[in-house]
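S.K.: Quick one: the structure is below, questions incoming.
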Amino acid sequence: MKAAVFEGNGRLVIKEVEKPILRNSTDALIKVSGTGICGTDLHILDVPPKHPAKPGVILGHEFTGEITELGKDVQGFAVGQHVLIDPHPGCGVCDECRRGFPDNCIPLYENSSAEGHPNTIGIFSDGAYSEYVIVPKQSLYKISQDVPVKIAALAEPLSCVVNASEKLKVQPSAFVVILGAGPIGLLFTMLMKANGASKIIVSEPSRFRRDAALSCGADIVLDPSAEDIQQVVRNEMGKGADYCIEAVGPLLPLAIHLARAGGKILQFGHDETANPEVPVGVLLKKELEIYGAFIGKHSFEKTVRIMESGKLPLEKIVSHVLPLSRIHEGLALLRKGEGLKIIITPERG
Ligand SMILES: [Zn+2]
Ligand SMILES: [Zn+2]
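For the sequence shown, my numbering assigns the number 121 to the initial residue and increments by one for each residue that follows.
Right, here's the structure in full:
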């Protein structure tokens, strides 16, 4: 089968590889139907990388597909079932998993090839820029086959955003500022709108993405390279935002300045090379609450419900559907800020 293999040092190579064989009784073989390109893939392919990955693995961690073979110890699923995949489910039984932190799963960390990272499918083990992929049973979630592939392929990023949003408990009176309108910023925009936020300002340098933010529910968009965001927020929100969501990476200090006293900040943008200086005096005088959020945990069931309900305009964040042979074109579009979520479909020989 054809697959896109990470060969280290920024190289992603499409090549012929062996179709995986089901060996473990608790695994399932999935026929991939669509895989989203994640900002994390771009970070992995940066030189130097902004996110680690294991050289030699097939990338692709945001995917959906159909079960084609089941280990004998996988109950409750059938061949032909459409599924969403949690690419970092945890073992389910270690202390950290039982505490509710599968992203800190102890055995996954111990088997991981990179310090401090769990063994995510599509980053540290073979993923879904391919025709078939093997996943453990605890990764599987049923999804109606009425949900289009390009929507179902958004499961992983949406589950992360659902998990993160639950920390904020946004109320209908809320003023929300979102920094960054990549697919994650746009998913936050939709979700905050659905939560009833009274005003949402989105800051994003790409014109293409600002337009997308407006269609996803932003009330005001601005270009931070041309406008003074602090001034815009003061004009529109008075003393500042009740909630400020950082969906870029290095902008925590700005988020602290944009929040009003008692406000909540969510750090979601993930850039491991960013170590911004935090304005401690502002943080403590405003008595801010700062949350970090990473992967989707215990949020896939909610993600399935959101997708099956059709309540969020999720199709608006999918800008392209491309075959695997054009994955480099998709990566280039994202680097230029000319794509939103790009879904890669496998090529079957
Ligand atoms: Zn991702
Ligand atoms: Zn565990």
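Quick reminder that beta carbons are idealized off the backbone N, C-alpha and C, glycines included.
Between the region 281 to 290 and the region 319 to 326, do at least 3 Cβ pairs fall closer than 8 Å?
M.R.: Flag = no, the region 281 to 290 and the region 319 to 326 do not touch.
S.K.: Tell me whether P222 counts as near ligand 2, meaning its Cβ is closer than 8 Å to at least one heavy atom of that ligand.
M.R.: P222 Cβ: within cutoff of ligand 2.
S.K.: Leaving out the 5 sequence neighbours to the left and right, which residues in its chain are closer than 7 Å to A273 when beta-carbon positions are compared?
M.R.: The answer, listed in chain order, is G154, T155, G156, E182, F183, T184 and I463.
S.K.: If you check the beta carbons only, do S259 and P292 fall under 9 Å apart?
M.R.: For S259 and P292, no; Cβs fall outside 9 Å.
S.K.: Here's the rule I'm using: 16 or more other beta-carbon atoms within 10 Å means buried, otherwise exposed. How should S145 be labelled?
M.R.: When all chains shown are included, S145 counts as exposed.
S.K.: Taking 8 Å as the cut-off, is the C-beta of G212 nearer than that to any heavy atom in ligand 2?
M.R.: Yes, the Cβ of G212 comes within 8 Å of a heavy atom of ligand 2.
S.K.: Which runs of the beta strand (DSSP E) fall wholly inside the region 217 to 298 and span at least 3 residues, in chain order?
M.R.: Counting whole runs of 3 or more residues, the region 217 to 298 contains the beta strand (DSSP E) stretches 252 to 256 and 260 to 262.
S.K.: Quick one: Cα of K405 to Cα of N355, how far?
M.R.: Straight-line Cα distance between these residues: approximately 22 Å.
S.K.: Can you have a look at I141 and say buried or exposed, based on whether 16 or more other CB atoms are within 10 angstroms of its CB?
M.R.: The residue in question, I141, is exposed, as its Cβ has fewer than 16 Cβ neighbours within 10 Å.
S.K.: Can you have a look at G389 and say buried or exposed, based on whether 16 or more other CB atoms are within 10 angstroms of its CB?
M.R.: Classification for G389: buried.
S.K.: In chain order, what residues of the same chain lie with their CB nearer than 7 Å to the CB of E235, ignoring the 5 residues before and after it?
M.R.: For E235, the pLDDT reaches just 49, beneath the cut-off of 50, and the residue's location in the model is therefore unreliable, leaving the point undetermined.
S.K.: Beta carbon of P277: closer than 8 Å to some heavy atom of ligand 1?
M.R.: Because some heavy atom of ligand 1 lies under 8 Å away, the Cβ of P277 counts as near it: yes.
S.K.: What are the complete alpha helix (DSSP H) segments, minimum 4 residues, inside the region 138 to 185?
M.R.: Correct list: 159 to 165.
S.K.: For the pair the region 401 to 418 and the region 195 to 205, tell me if three or more CB-CB distances fall below 8 Å.
M.R.: Short answer: they don't touch.
S.K.: Compute the Euclidean distance between the alpha carbons of A198 and L190, then round it to the nearest angstrom.
M.R.: Going from the Cα of A198 to the Cα of L190 covers about 7 Å.
S.K.: For V297 and G360, what's the separation of their Cα atoms in angstroms?
M.R.: Taking the straight line from one Cα to the other gives about 9 Å.
S.K.: Using only CA atoms, which one of G383, P399 and D391 lies nearest to L374?
M.R.: Of the listed residues, the one whose Cα sits closest to L374 is P399.
S.K.: Report the residue from L460, D147, I178 and D266 whose alpha carbon sits nearest the alpha carbon of R327.
M.R.: The shortest C-alpha separation from R327 is found at L460.
S.K.: Could you compute how far the alpha carbon of S233 sits from the alpha carbon of H171?
M.R.: Legend: pLDDT at S233 = 47, less than 50; position of this residue unreliable, no value from coordinates given.
S.K.: What does the alpha-carbon distance come out to for the pair V125 and Q265?
M.R.: Taking the straight line from one Cα to the other gives about 29 Å.
S.K.: Relative to the C-alpha of L149, which candidate in D331, Y252 and V267 has its C-alpha closest?
M.R.: Taking only the C-alpha atoms, the option nearest L149 is Y252.
S.K.: Closer than 7 Å by C-beta to E392: which residues in its own chain qualify, once you throw out the five before and the five after it? Chain order, please.
M.R.: Same-chain partners within the cutoff: K170 and H171.
S.K.: Between the alpha carbons of G369 and I304, how many angstroms are there, rounded?
M.R.: Near 12 Å, if we compare the C-alpha coordinates of I304 and G369.
S.K.: Excluding the 5 residues flanking M310 on each side, which residues of the same chain have their C-beta closer than 7 Å to its C-beta?
M.R.: Contacts found: C336, G337, L432 and P433.
S.K.: Check each candidate in D246, C364, A379 and G430 and name the one with the smallest Cα separation from V137.
M.R.: Comparing Cα positions, the closest option is D246.
S.K.: For the beta strand (DSSP E) containing Q387, name the first residue and the last one.
M.R.: Its beta strand (DSSP E) spans residues A379 to Q387.
S.K.: Take G180 and list the residues in its own chain whose beta-carbon comes closer than 6 Å to its own, dropping the five residues that flank it on each side.
M.R.: So the list reads T155, G242, G247, A248 and Y249, once near-sequence residues are dropped.
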